[in-house]
Amino acid sequence: MTPTSRVDGDVPWIARLPDTAGIPPTTVTNRLHPSSHALHWQVCGHTDFDVDAGTVTLPSDHAIWIPAGTRHTMTISADSVVVPTFFDSSITSSLRSADVIAVDFHFRALVLALVGAAYAPHLAPETELRRQLLSVIEQAAPTGALSLTMPNDGPARVVAEALRTNPADGRTIDEWARHTHSSARTIERAFRLQTGGTFQQWRTHCRMETAKALLSRAQSVAAVSHRVGYHSQSSFARAFRAHFGRPPGEFIID
Numbered sequence: 354m355t356p357t358s359r360v361d362g363d364v365p366w367i368a369r370l371p372d373t374a375g376i377p378p379t380t381v382t383n384r385l386h387p388s389s390h391a392l393h394w395q396v397c398g399h400t401d402f403d404v405d406a407g408t409v410t411l412p413s414d415h416a417i418w419i420p421a422g423t424r425h426t427m428t429i430s431a432d433s434v435v436v437p438t439f440f441d442s443s444i445t446s447s448l449r450s451a452d453v454i455a456v457d458f459h460f461r462a463l464v465l466a467l468v469g470a471a472y473a474p475h476l477a478p479e480t481e482l483r484r485q486l487l488s489v490i491e492q493a494a495p496t497g498a499l500s501l502t503m504p505n506d507g508p509a510r511v512v513a514e515a516l517r518t519n520p521a522d523g524r525t526i527d528e529w530a531r532h533t534h535s536s537a538r539t540i541e542r543a544f545r546l547q548t549g550g551t552f553q554q555w556r557t558h559c560r561m562e563t564a565k566a567l568l569s570r571a572q573s574v575a576a577v578s579h580r581v582g583y584h585s586q587s588s589f590a591r592a593f594r595a596h597f598g599r600p601p602g603e604f605i606i607d
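Offset between the sequence shown (1-based) and the numbering used here: plus 353.
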C-alpha cells in the first residue's frame, strides 16, 4: 500500500502508520447486514473486500459503499485503520452496488463528526449528518478501483501495493525483482495468473484508474499526469484516451 501510503498528495495527514504501530491483521468473514448499508473508510493501510463483484482492494483515503444485503468478507492488513459507518436500509439512495470512492475533506469531516457524536452525544450538531454524508457519497465519482485486481501475495503483491501507493514509480520489472529478492519471471507469472494481465498492463491500469480518481477531484490534467508517472501531458492524454476512450479533461468535476 513505500514512503507514504496515500493516493491523494494534498492530504498530508493520511500516511502509513509506523511499522512499530503493532496493529495486527484481521479477517472478518461472511458479513451480512440485511437492514443496514455499510460505508468503510480506509484511513490508512489497505483492506481486501470480497463482495459480489469480486475482490476489491481498498487503498488509504478511499471508502467503499456496501449496500444492505450484500455478503462480504474483510481482510484488513497489519497497521491499517478502517472506520465503518452504517445507514438504515430504508434511507433513499441512488447507490445500488458496491462502489469505491476517493475521500475528500467534506467526507472526512462528516465521518469524524459522526464518530464524535457517538462518543459525546452532547456535542452532536443539530444537523442530519448521515444525510449530508450520503449526499457527498452520491455526488462523488466512483474511482473504478473495483476493476483493479491485486495479486494475492508474494513479491507481485509487494510490487502492486507499492505501485498503487505511488503509480509514478518507474522501476522496471527487473529492478522490482532485485528489490523483492525475486526474479522478473516469477513476478510476471504471478501477475498473469492472479490478475489476468502482464505486469506492464497492470501498471498502466493502475495509473489510469488513479488518474481518473484524481481528475474527478478537480485536479488539473498536468498535475495528474505527473502524479501517475508521465513526463509529458500529451503522452498521458494519449494513454488515457486509449484506456477510457475519452480525453482526461472530460473527467474533471468542478
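Just so it is clear, CB atoms sit at the ideal spot from N, CA and C, and this is done for glycine as well.
In this text the structure is predicted, and so the values were computed from the model without any measurement.
Can you give me the Cβ contacts of residue i inside the same chain, cut-off strictly under 6 Å, excluding the 5 residues immediately before and after it?
i: Ile-376; result: Asp-432
i: Ser-535; result: Pro-508
When you compare only the Cα positions, how much space is there between residue i and residue j?
i: Val-489; j: Arg-461; result: 10 Å
i: Cys-596; j: Ser-442; result: Here residue 596 is His; the residue named in the question, Cys, does not match the sequence. Distance between the alpha carbons of His-596 and Ser-442: 36 Å.
i: Asp-452; j: Thr-438; result: 15 Å
i: Leu-482; j: Val-435; result: 19 Å
i: Ser-588; j: Asp-403; result: 35 Å
i: Ala-394; j: Asp-414; result: The displayed chain sequence assigns Trp, not Ala, to residue 394. Taking the straight line joining both Cα atoms gives about 7 Å.
i: Pro-387; j: Thr-525; result: 46 Å
i: Ala-391; j: His-558; result: 27 Å
i: Val-574; j: Ala-473; result: 43 Å
i: Met-503; j: His-532; result: 19 Å
i: Ser-389; j: Arg-424; result: 12 Å
i: Ser-585; j: Ser-578; result: 7 Å
i: Glu-603; j: Ala-592; result: 14 Å
i: Ser-430; j: Thr-400; result: 6 Å
On the DSSP bridge list, what partners appear for residue i?
i: Ala-392; result: With the sequence shown as reference, residue 392 is identified as Leu, and Ala is not the correct amino acid for it. Note: Leu-392 sits in a beta bridge opposite Trp-418 and Thr-438.
i: Val-404; result: Gly-407
i: Ile-429; result: Thr-379 and Thr-400
i: Arg-542; result: For Arg-542, which the question treats as bridged, DSSP gives no partner whatsoever.
i: Arg-384; result: His-425
Can you say whether residue i is buried or exposed, counting buried as having 16 or more other CB atoms within 10 angstroms of its CB?
i: Pro-601; result: buried
i: Tyr-583; result: buried
i: Gly-398; result: buried
i: Thr-382; result: exposed
i: Val-409; result: buried
i: Thr-551; result: exposed
i: Val-468; result: exposed
i: Phe-458; result: exposed
i: Leu-411; result: buried
Taking 9 Å as the CB-CB cut-off, is residue i touching chain D?
i: Ala-590; result: Among the chains of the structure shown, chain D does not appear; only one protein chain is present.
Ordered along the chain, which non-local residues of its own chain (more than five positions away) have a Cβ less than 8 Å from that of residue i?
i: Arg-449; result: Pro-420
i: Ile-540; result: Pro-508, Ala-509, Val-512, Ile-526, Trp-529, Ala-530, Thr-533 and Phe-552
By Cβ distance, which residues of its chain are closer than 7 Å to residue i, with the 5 residues on each side in sequence left out?
i: Arg-560; result: Pro-520, Val-581 and Gly-582
i: Thr-428; result: Thr-380, Thr-400 and Asp-401
message: To test your reading of the DSSP string, which unbroken alpha helix (DSSP H) runs of 4 or more residues are found completely within the stretch 456 to 518?
response: 458 to 472, 482 to 492 and 507 to 518
query: Fully enclosed by the stretch 552 to 586, which beta strand (DSSP E) runs are 3 residues long or longer?
result: none
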